[in-house]
Amino acid sequence: DHTFLYRTLNSSSIVVDLGAYKGEFSNRIHDLFGCQCIAVEANPDLAEKLREKDSFKFHHFAIASKRGPIQFHVANNLLASSTRDLAPSPFEHTATVEVPGIKFEEFLKECGIDRIDLLKVDIEGAELDLFNTTSDETLLAISQIAVEFHDFCSFITPGDTERISRRLMRLGFYPVPFMGNENTLFINQRKLKLSAIRMFLLRYILSPIRTAKRVLDRGRLRVLFFFRDRRRLHS
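In my numbering, the protein residues as written are 233 to 467.
Structural data, given as structure tokens:
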């Protein structure tokens, strides 16, 4: 569910996957490009399994506004576990554990990363801490950012999303929304230098087409699950 520009990546690219979950995204990146991929996941249960992967480098951290232990709230849906309070969200809280927190810039320095060709951000509201504590200089060293904003589940507010987007646009990032704020790609025009025609096609042709396809795919899945559950009910 994270859209990015494939043709800008190659075997020498550096990809950072924040919110690695079970590692599917990082594994896919490695299979497609054979490039260096650094994955970060806060959930300690998922971290144990991610440490076993050899297709990418893994780090157990929660991206936060400061360094040190941080409370991590585990949800009934593991995809929704977060450092944010789960109470305003539709997800059920099951446990709270302590995990190591780190600022994004400190993480990059420790890993010796001075440029990123693709940054994937899916960290259940902690994107607010990331962008609030990351300098313009560091952001400008990133070619593209694929981010899921979590205002739809109340981890952050629509105002937070708007403010982050405006800041990135002021820095020269071109936004391409797919599925609204759930999947937004920011393209650093200073680094990738896409033509005006290609930018137009991405935002006004490709984006609506891919969004419509995903809506239809989700609708088909709901129908399949509905009939599957009905068969189970009557069996």
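Glycine is no exception: its CB is placed at the ideal position from the N, C-alpha and C atoms.
(message) So the candidates are 256, 390, 250 and 315; which of them puts its Cα closest to the Cα of residue 377?
(response) Checked all of 256, 390, 250 and 315; the closest Cα to residue 377 is 250.
(request) Report buried or exposed for residue 368, applying the criterion of at least 16 other Cβ atoms within 10 angstroms of its Cβ. (result) Per the 10 Å Cβ criterion, exposed.
(request) Report yes or no: do three or more beta-carbon pairs, one from the stretch 251-267 and one from the stretch 391-408, lie closer than 8 Å? (result) No: fewer than three Cβ pairs fall under 8 Å.
(request) Could you check the C-alpha separation between residue 458 and residue 245 for me, to the nearest Å? (result) Here the model assigns residue 458 a pLDDT of 43, short of 50, so the residue's position is not dependable and the matter cannot be decided.
(request) Assign residue 464 to one of three DSSP states: helix, strand, or coil. (result) Note on residue 464: pLDDT 49, under 50, position unreliable in the model; no value is reported.
(message) Taking the alpha carbon of residue 326 as the reference point, which residue from 280, 408, 284 and 306 has its own alpha carbon closest?
(response) In terms of CA proximity to residue 326, 306 leads the group 280, 408, 284 and 306.
(request) Pick helix, strand or coil for residue 414, following the three-state DSSP scheme. (result) In the structure shown, residue 414 sits in a helix (DSSP, three-state: H, G or I).
(message) Could you compute how far the alpha carbon of residue 403 sits from the alpha carbon of residue 321?
(response) About 31 Å.
(request) Go through its chain and collect everything with a Cβ distance to residue 236's Cβ below 7 Å, but skip five positions before and after it. (result) Close CB contacts of residue 236 within its chain, under the 7 Å cut and outside five residues either way in sequence, are with 350, 376, 378 and 417 (chain order).
(message) Closest to residue 406 by C-alpha separation, out of 284, 355, 281 and 428, would be which residue?
(response) Comparing Cα-Cα distances from residue 406 to each of 284, 355, 281 and 428, the minimum goes to 428.
(request) Answer yes if the stretch 310-319 comes into contact with the stretch 284-293, meaning at least three C-beta pairs across the two stretches below 8 Å, and no otherwise. (result) Result no; under three Cβ-Cβ pairs closer than 8 Å.
(request) Given a cut-off of 8 Å, decide if residue 353 and residue 276 are closer than it, judged by their beta-carbon atoms. (result) Note that the C-beta distance between residue 276 and residue 353 is not below 8 Å.
(request) Check residue 349 in the structure and name its three-state DSSP category. (result) Coil, per DSSP.
(message) Are the CB atoms of residue 297 and residue 365 within a distance shorter than 8 Å?
(response) With respect to the 8 Å criterion, residue 365 and residue 297 are classified as neighbours on the basis of their beta carbons.
(request) Let me know if residue 433 comes out buried or exposed under the rule of 16 or more other beta-carbons within 10 Å of its beta-carbon. (result) By the neighbour-count criterion, in which a residue is buried when 16 or more other Cβ atoms sit within 10 angstroms of its Cβ, residue 433 is exposed.
(request) Decide if residue 243 is buried, meaning its Cβ has at least 16 other Cβ atoms within 10 Å, or exposed. (result) Using a 10 angstroms sphere on the CB of residue 243, the tally of other CB atoms stays under 16, which defines it as exposed.
(request) Tell me, please, which residues DSSP counts as bridged to residue 330. (result) Residue 330 is bridged to 303.
(message) Buried or exposed for residue 361, going by 16 or more other Cβ atoms inside 10 Å?
(response) With 16 or more neighbouring CB atoms inside 10 Å of its own CB, residue 361 falls in the buried class.
(request) Excluding the 5 residues preceding and the 5 following residue 355 in the sequence, name in chain order all residues of the same chain whose CB lies nearer than 6 Å to its CB. (result) Hits under 6 Å: 250, 251 and 295.
(request) Leaving out five residues on either side along the sequence, give the residues of the same chain with a beta carbon under 6 Å from the beta carbon of residue 381. (result) Excluding residues within five positions, the ones whose Cβ falls inside 6 Å are 393 and 413.
(request) Please confirm whether any heavy atom of the ligand GDP lies closer than 7 Å to the CB of residue 305. (result) This structure simply doesn't include the ligand GDP, nor any ligand for that matter.
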